[in-house]
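As structure tokens, the structure follows; a few thoughts come after it.
Residue numbers (the numbering used here): 255 to 395.
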């Protein structure tokens with residue numbers, strides 16, 4: 255998305271828990287507006303999607319091509335990491351949360367998708383002892 259929810263949540267986490275939590279922001283790979291802008295140090299429109307990818311994401315609420323300047327400034331200060339997920343990873347995460355009785359969309363379950371990818375790939379230093387908080391940002395459609 256444009257980063258508003260991520261930025262406000264990150265600011266709150268920093269206010270309450272300080273620098274200890276690792277904050278990871280997740281975006282669809284076809285709409286990496288935040289990642290690209292953080293890398294460039296200024297608001298940038300998302301680049302064209304990877305070859306073979308859909309031009310728009312099924313994660314509709316996250317399918318934004320340019321971030322909010324205010325959100326970007328907050329995330330540059332408060333977030334530790336940014337990552338992208340595929341359409342399939344978003345859909346799989348929505349199915350995973352449905353399997354435990356929590357209905358959501360691929361957009362709402364993007365954080366879960368990021369966690370599943372990081373756990374699978376050994377990302378962000380996750381271990382069996384890690385304590386994780388993920389925001390499930392919407393219910394079922």
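Note that beta-carbon positions come from the ideal geometry of N, C-alpha and C, so glycine has one too. None of these values were measured; they are calculated from a predicted model.
Assuming residue i and residue j make a contact with CB atoms under 8 angstroms, what is their CB distance in whole Å?
i           : j           : result
residue 300 : residue 314 : Not a contact, Cβ separation roughly 15 angstroms.
residue 321 : residue 257 : 5 angstroms
Nearest to residue i by CA position, among the options, is which residue?
i           : options               : result
residue 361 : 336, 340, 323 and 309 : 340
residue 400 : 259, 264, 365 and 348 : Nothing about residue 400 can be read from this structure; the chain reaches only from 255 to 395.
residue 285 : 394, 327 and 364      : 364
residue 268 : 353, 309 and 328      : 328
residue 283 : 294, 344 and 352      : 344
residue 336 : 378, 309 and 319      : 378
residue 298 : 264, 395, 276 and 323 : 323
residue 319 : 383, 309, 394 and 287 : 287
In the DSSP assignment, what are the bridge partners of residue i?
i           : result
residue 359 : DSSP lists no partner for residue 359.
residue 338 : 281
In the DSSP assignment, the alpha helix (DSSP H) including residue i goes from what residue to what residue?
i           : result
residue 341 : 341-353
residue 270 : 258-271
residue 327 : 323-332
residue 371 : 364-375
residue 291 : 287-294
What residue range is occupied by the uninterrupted beta strand (DSSP E) comprising residue i?
i           : result
residue 280 : 278-282
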